[in-house]
Amino acid sequence: MNDELLKLSNQISDILKKLNHTVAVSESSAGGLISAHLLAIPGASAYFIGSAVLYTRKASEAFINVTDEDLTGIRSATQEYALFNARRVKEMLGTTWGIAETGASGPTGNRYGDPAGHSAIAISGLVEESVTISTNNSDRELNMIEFTKKTFEEFISVISD
2 MNDELLKLSN QISDILKKLN HTVAVSESSA GGLISAHLLA IPGASAYFIG
52 SAVLYTRKAS EAFINVTDED LTGIRSATQE YALFNARRVK EMLGTTWGIA
102 ETGASGPTGN RYGDPAGHSA IAISGLVEES VTISTNNSDR ELNMIEFTKK
152 TFEEFISVIS D
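Numbering (this note's numbering), first residue to last: 2 to 162.
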């Protein structure tokens with residue numbers, strides 16, 4: 002576990018417990034780090050309902066019932082796609098908040114032309130927000146950590162308002 006990510010996870014835990022809110026996660030290029038760090042906090046069952054690492058289209062079809070029609074005109078690793086996934090996981094698990102991350106962790110870019118270090122992150126709930134980041138780095142592990150960090154920072158910003 003990453004100490005900086007655990008610190009952010011603790012902040013999220015405190016806020017969600019105080020608000021009595023719940024969260025579900027859809028992640029891809031973060032590889033499960035978002036969920037793992039949220040679950041590493043004692044008492045996570047009070048707010049963490051579930052998650053899926055949707056690394057392939059097949060996984061998206063199986064775990065969140067994505068169809069071709071759902072994604073007409075939407076490309077993976079974009080804010081629009083991340084927002085779709087955040088909304089869908091929130092809806093399917095009946096949570097207050099849905100978080101989604103999708104991108105290219107590296108060492109190369111993805112098949113859509115995005116470079117390594119590209120990630121789209123979205124939050125769906127009482128408000129919605131999405132952002133695209135670029136680390137300008139091809140280090141897979143470092144990118145996964147940065148994607149998770151940015152996801153947590155965005156989520157804290159949204160739920161703290």
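No residue lacks a Cβ here, since even glycine has one placed at the ideal position from N, Cα and C.
As the structure is a prediction and not an experimental result, all values here were calculated from the model.
query: Other residues of its chain near Pro108: CB distance less than 8 Å, five sequence neighbours each side excluded; result: Ala117, Ser139, Asp140, Arg141
query: Whole-number beta carbon distance between Ser10 and Ala31, since they are thought to touch under 8 Å; result: With a Cβ gap of about 13 Å, Ala31 and Ser10 do not count as contacting.
query: Identity of the residue in Thr149, Ser61, Val24, Asn86 nearest Ile50 by Cα; result: Val24
query: Buried versus exposed, by CB contacts within 10 Å (16 or more), Asn86; result: buried
query: Contact belief for Val128 with Val90 at Cβ below 8 Å, rounded distance in angstroms; result: The pair is not a contact, with the Cβ atoms about 16 Å apart (cut-off 8 Å).
query: Cβ neighbour criterion (16 or more within 10 Å) applied to Ser125; result: buried
query: Enclosing beta strand (DSSP E) for Ser27 [first to last residue]; result: 24-28
query: C-alpha gap between Met93 and Asn3, whole angstroms; result: 29 Å
query: Coarse secondary structure for Ile75, derived from DSSP in three states; result: coil
query: Cβ-based neighbour list, Ile16, same chain, cut-off 6 Å, excluding 5 preceding and 5 following; result: Ile160
query: Residue closest to Glu28, alpha-carbon to alpha-carbon, out of Phe148, Asp162, Glu155, Gly114; result: Phe148
query: Paired residues, beta bridge with Gln104 - DSSP; result: It is worth fixing the name first, because residue 104 is Gly in this sequence and not Gln. Partner(s): Ser120.
query: Pick from Ser61, Ile13, Tyr48 that is closest to Thr103, judged by C-alpha positions; result: Ser61
query: Strand pairing of Val90, partner residues [DSSP]; result: In DSSP, Val90 forms no bridge with anything.
query: Close beta carbons around Ser36, own chain, < 7 Å, minus the five adjacent residues each side; result: Val26, Glu28, Ser52
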